[in-house]
Every structure is written in C-alpha cells, then in structure tokens.
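Okay, structure first, notes after.
Numbering (this note's numbering), first residue to last: 9 to 445.
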C-alpha cells in the first residue's frame with residue numbers, strides 16, 4: 009500500500025531545505041504583489057487621502073468594484089440610457105495619481121437597467137448591459153475618452169455570491185459575460201485593453217471549464233482568468249496554482265492564459281490578524297507561492313472601511329481617516345518589503361510546510377526572501393540555506409529581517425557552493441542579499 013504523503017505533510021509537516029541556484033536566471037517575472045484592491049465600502053473617495061501612501065508602494069494596478077451602483081453612472085431619460093462619469097472619474101484619477109493603471113470590476117447591475125431594480129439581478133434587456141460595458145470601455149480606454157492604455161475590465165465581482173449566478177443553467181453567469189464581451193467588441197476607437205473573469209469567491213473547476221470552453225470554441229473573448237482566495241491555509245494557494253494550470257492546459261489556445269487572483273487575504277471576514285503581524289507574514293508567504301505562476305495578486309484592501317474603532321479587524325493596509333491621519337498596518341510594510349525583490353527570477357527549491365521562499369537577481373545582487381508562516385504561532389525552524397552554482401568565490405550575505413535589523417557576513421570559498429543554517433522564529437521573515445565582491 010502506498011504512503012499517503014499528503015496526510016503525512018498535513019499531520020507532521022515538512023521542514024524546508026533551501027537550494028538556491030545562482031547559475032542561471034529567468035527574465036521578466038511578474039511582480040504580482042504590485043496589485044492592490046479597494047472595495048466599495050463608501051461612496052466617498054477612499055483613495056484620495058492616501059495617494060502618497062499608495063504611491064510609495066509602487067502599484068502597477070489598482071482594482072475597484074461597485075462601478076455602477078456606487079458612482080451613479082447610468083440613468084434613463086425618455087427611454088434612452090444616459091451616462092454620467094463624473095463621480096467615477098474622480099476615483100479613477102486618484103488611481104492614476106498613485107502611478108497605477110485601473111483594473112475595473114464591471115459591477116454591479118445599474119438599477120436603471122436591472123429587471124427588478126436590484127443591483128445583483130440580470131438586466132431587463134441584455135442589449136442594455138452590452139451598451140453599458142461598451143460605453144464604459146469607450147470612456148476609459150477610448151481615444152476620445154480618458155485615453156488610457158492597458159486597462160483591465162473584469163466581468164462582475166464574486167458572481168457566485170453577489171447575485172447567486174451559476175456557470176450554466178438559470179441565472180447564468182456565462183450570459184452576463186457573453187454580452188459584456190460583446191460590448192467590449194463593439195467599443196470604437198479604443199486603446200489596448202483586456203477583458204476577463206469570472207472573479208468567483210474561489211477557484212472552481214466548473215466555472216473555469218465553462219468559460220474556457222466558450223473561449224476555446226471562439227464564442228467569447230477571454231484575456232485573463234480571475235478568482236479570489238481568502239484563506240489562512242497555504243495549501244489552498246499551492247493547490248490553486250497547480251489546479252488552474254492543469255485545467256487550463258486542457259484548452260490548448262488558453263494553456264498560457266493570464267492568471268489573476270483579484271482579491272487576496274487571510275480571511276474574507278473581519279479578523280484581528282489584519283491589525284497585527286500575522287496578516288503581513290501571510291502576505292509574504294502567499295506571495296512566495298503565487299509569484300511564479302500568477303500574473304497579478306490583488307491584496308485586499310487598501311483602506312479600511314469606517315468602523316467602531318481605528319482597529320477593528322478590517323482588511324485595509326491603512327486605517328480609515330475617520331480616526332485621524334491614516335496609518336499603515338504591518339501588511340503595508342510587507343508590500344514595501346516585497347518591493348525589494350525585483351529583477352529576474354532565480355531558482356529556489358526546497359520550501360517546506362511552513363517555510364516558503366523565492367529569489368530574484370537585479371544584475372548586481374541576488375536576493376532570497378524566506379518566510380516562516382504558522383497561524384498557530386508555535387513553529388520555529390532552523391533552515392538549511394544552500395547556495396549552488398556560484399559564479400563567484402568572494403561575496404557578502406546580508407540578512408535583512410522584516411521589521412527588524414540586519415547582519416552581514418563575508419564569505420570566501422574555493423568551491424562553487426556554500427551552505428549555512430538560518431534560524432527563524434514563528435511568523436518571521438528575512439531577505440538575504442548576496443553581493444559578489
């Protein structure tokens with residue numbers, strides 16, 4: 009009888025034994041963590057007070073939802089649809105002021121076209137929904153509009169939750185997507201943009217198969233696959249990466265489709281972890297898993313919604329202005345820490361159940377991030393740290409601890425490898441900078 013290795017891993021855990029190969033690098037990885045999301049918790053401009061804070065995180069994309077119900081974009085006059093972009097434009101300009109490009113979740117249904125006035129319902133006429141999407145894309149991506157390049161348009165937000173859509177049958181998300189992408193195809197005089205989905209609450213095979221089958225058959229345009237992942241369990245992130253790659257490979261034209269986790273966090277509900285260190289370590293660990301295969305990982309969210317106190321377990325990287333100048337939480341500093349990890353990807357193997365790692369090379373220095381994540385707060389580990397295929401003999405190794413200090417050692421060897429052990433207390437992380445001398 010075969011050994012059930014998965015059970016053994018869950019029950020006892022696998023220690024890390026890191027092997028860092030400096031002999032080659034792989035160009036142009038996606039810095040997936042440079043994607044941030046803001047929810048629709050207020051009709052006010054939540055990003056405006058924190059533009060400098062966000063800008064310092066160097067975001068490439070910022071995602072927003074509630075376009076049509078929070079910003080009063082669509083109304084009806086004399087049987088015709090009327091569009092007013094004034095309120096939404098203010099938030100989009102706030103995104104641009106941070107240096108990021110908008111990633112717009114096309115949600116929720118404008119009451120003016122909903123069949124029953126509810127924002128989670130289908131439209132009374134699908135042609136109206138198609139026109140709303142067309143006009144949205146023409147406004148933001150159009151040469152006669154805001155003239156933006158490379159905006160992403162995601163069809164709905166968590167359709168399995170908000171609206172109880174299904175991937176087929178009655179109240180079919182595929183209808184919602186089909187008419188949305190028809191609107192995208194109808195858009196005139198527009199710059200390059202992308203459209204995709206389904207932005208489900210998790211990664212579900214039936215949804216992935218349904219939308220990829222439509223795209224493979226040529227019935228819809230699909231530029232990216234998106235879903236959400238809120239979990240303390242790192243195995244969920246690893247299984248998502250493995251599963252989505254395997255599922256997409258069954259559709260040859262989309263085997264290498266862009267993959268987007270458009271909301272990411274330790275818990276989809278309020279959680280004290282968001283106000284402390286654990287969510288920051290979770291961000292470092294989940295990013296270490298996702299960064300090789302996932303193009304964009306949108307940490308949710310940027311600013312807390314208003315609550316009963318400054319710290320109330322909300323998802324934000326920054327506190328709400330209601331309680332004074334917004335202040336960064338530790339997860340904010342985790343994004344800053346990740347921003348050190350620029351350059352080409354280097355091969356790092358040997359991650360374990362608790363310890364995750366990845367590496368980059370910027371042409372001058374090699375950097376390896378190592379993070380020990382344990383929600384129980386009990387697991388410390390001595391991690392073997394093995395450098396192989398070294399192209400130099402003399403170098404320094406600088407350990408930069410997350411939210412801590414740094415230490416440097418000089419190494420002189422006459423071989424092509426070097427090993428040491430690195431100690432990690434529970435829920436700690438460090439970046440190791442290897443600099444040739």
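Quick reminder that beta carbons are idealized off the backbone N, C-alpha and C, glycines included. The model shown is predicted, which means the values in this text are computed figures rather than measured ones.
query: Between residue 245 and the rest of its own chain, which residues show a CB-CB distance below 8 Å, the 5 nearest in sequence each way excluded?
result: Correct list, in chain order: 237, 239, 294, 297 and 298.
query: Which class does residue 69 belong to by DSSP, given the choice of helix, strand or coil?
result: The answer is strand: DSSP assigns residue 69 an E or B state.
message: Within a Cβ cutoff of 7 Å, which residues of the same chain sit near residue 4, ignoring the five residues on either side of it in sequence?
response: Since the first residue shown for the chain is 9 and the last is 445, residue 4 is missing from the structure and cannot be characterised.
field: Buried or exposed by the 16-neighbour rule on C-beta atoms within 10 Å, applied to residue 400
entry: When all chains shown are included, residue 400 counts as exposed.
Spatial distance of residue 242 from residue 94 (CA atoms): Residue 94 has its alpha-carbon roughly 41 Å from the corresponding atom of residue 242.
task: For residue 270, count neighbouring Cβ atoms within 10 angstroms of its own Cβ and tell me buried if that reaches 16, exposed if not.
output: Flag for residue 270 reads buried.
- prompt: With 16 as the cutoff for other CB atoms within 10 Å, does residue 47 come out buried or exposed?
  reply: Residue environment: residue 47 is assigned as buried (16 or more neighbouring CB atoms within 10 Å of its CB, all protein chains considered).
query: By how many angstroms is the C-alpha of residue 82 removed from the C-alpha of residue 354?
result: Taking the straight line from one Cα to the other gives about 48 Å.
message: So for residue 285, helix, strand or coil by DSSP?
response: Assigned with DSSP and collapsed to three states, residue 285 falls in helix.
query: Based on Cα-Cα distance, which residue from 441, 305 and 34 lies nearest to residue 67?
result: Out of 441, 305 and 34, 305 has the C-alpha closest to the C-alpha of residue 67.
- prompt: For residue 397 versus residue 30, is the C-beta spacing smaller than 8 Å?
  reply: Taking 8 Å as the Cβ cut-off, residue 397 and residue 30 qualify as a contacting pair.
message: Let's see if you can read the secondary structure: which residues bound the alpha helix (DSSP H) around residue 443?
response: Counting along the chain, residue 443 falls outside any alpha helix (DSSP H), though it belongs to the beta strand (DSSP E) covering 436 to 444.
task: Spatial neighbours of residue 256 within its chain, please: CB distance less than 6 Å, with the 5 preceding and 5 following residues excluded, ordered by chain position.
output: So the list reads 262, 263 and 265, once near-sequence residues are dropped.
message: For the pair the stretch 219 to 231 and the stretch 184 to 191, tell me if three or more CB-CB distances fall below 8 Å.
response: Result yes; three or more Cβ-Cβ pairs closer than 8 Å.
message: Just to confirm before moving on: does the CB-CB distance between residue 415 and residue 443 stay below 8 Å?
response: Not closer than 8 Å, so no.
Whole-angstrom distance between residue 375 and residue 340, CA atom to CA atom: Whole-angstrom Cα-Cα distance: 20 Å.
Buried or exposed by the 16-neighbour rule on C-beta atoms within 10 Å, applied to residue 303: Residue 303 comes out buried.
- prompt: Are three or more beta carbon pairs between the stretch 164 to 179 and the stretch 203 to 220 nearer than 8 Å?
  reply: Contact between the stretch 164 to 179 and the stretch 203 to 220 is present, because at least three Cβ pairs lie under 8 Å.
- request: Take the Cβ of residue 102 as the centre, count every other Cβ of all protein chains shown within 10 Å, and call the residue buried at 16 or more, exposed below.
  value: The residue in question, residue 102, is buried, as its Cβ has 16 or more Cβ neighbours within 10 Å.
- prompt: To which residues does DSSP link residue 121 through a beta bridge?
  reply: In DSSP, residue 121 forms no bridge with anything.
query: Who are the Cβ neighbours of residue 168 in its own chain at under 6 Å, not counting the five residues just before and after it?
result: Here residue 168 has 208 and 209 as same chain residues with Cβ atoms under 6 Å from its own Cβ, once five neighbours each way along the sequence are excluded.
- prompt: Under 8 Å between the Cβ atoms of residue 55 and residue 109?
  reply: Their beta carbons are not under 8 Å apart, which means residue 55 does not touch residue 109 by this criterion.
Beta-bridge partners of residue 238, as assigned by DSSP: Per DSSP, the beta-bridge partners of residue 238 are 273.
field: Residue environment, residue 291, which counts as buried when at least 16 other CB atoms sit within 10 Å
entry: Burial is judged here by how many other beta carbons sit within 10 angstroms of a residue's own beta carbon; residue 291 has at least 16 and is buried.
- request: Please name the residue or residues paired with residue 426 in a DSSP beta bridge.
  value: Residue 426 pairs with 395.
- prompt: For the beta strand (DSSP E) that contains residue 32, what are its first and last residues?
  reply: Counting along the chain, the beta strand (DSSP E) containing residue 32 begins and ends at 26 to 34.
- prompt: Nearest CA to the CA of residue 4: which residue from 227, 130 and 21?
  reply: Nothing can be reported for residue 4, as the shown portion of the chain is limited to 9 through 445.
- prompt: Can you list the alpha helix (DSSP H) stretches of 4 or more residues lying completely in the stretch 123 to 157, in chain order?
  reply: For the stretch 123 to 157, whole alpha helix (DSSP H) runs of length 4 or above, ordered along the chain, are 134 to 149.
query: Does DSSP put residue 17 in a helix, in a strand, or in coil?
result: A caution first: residue 17 carries a pLDDT of 46, below 50, which makes its placement in the model unreliable, though a value can still be read off. Residue state, collapsed to three classes: helix.
query: How about residue 397: is its C-beta nearer than 8 Å to some C-beta of chain B?
result: In the structure shown, chain B does not exist; there is a single protein chain.
task: Enumerate in chain order the residues of its own chain whose CB-to-CB distance from residue 370 is below 6 Å, with the five nearest sequence positions on each side excluded.
output: The answer, listed in chain order, is 350 and 351.
Identity of the residue in 434, 144 and 406 nearest residue 445 by Cα: Answer by Cα proximity: 406.
- request: For residue 386, count neighbouring Cβ atoms within 10 angstroms of its own Cβ and tell me buried if that reaches 16, exposed if not.
  value: The residue is exposed, with fewer than 16 neighbouring Cβ atoms inside 10 Å.
Rounded straight-line distance, which links the Cα of residue 161 to that of residue 121: When rounded, the distance between both Cα atoms is 20 Å.
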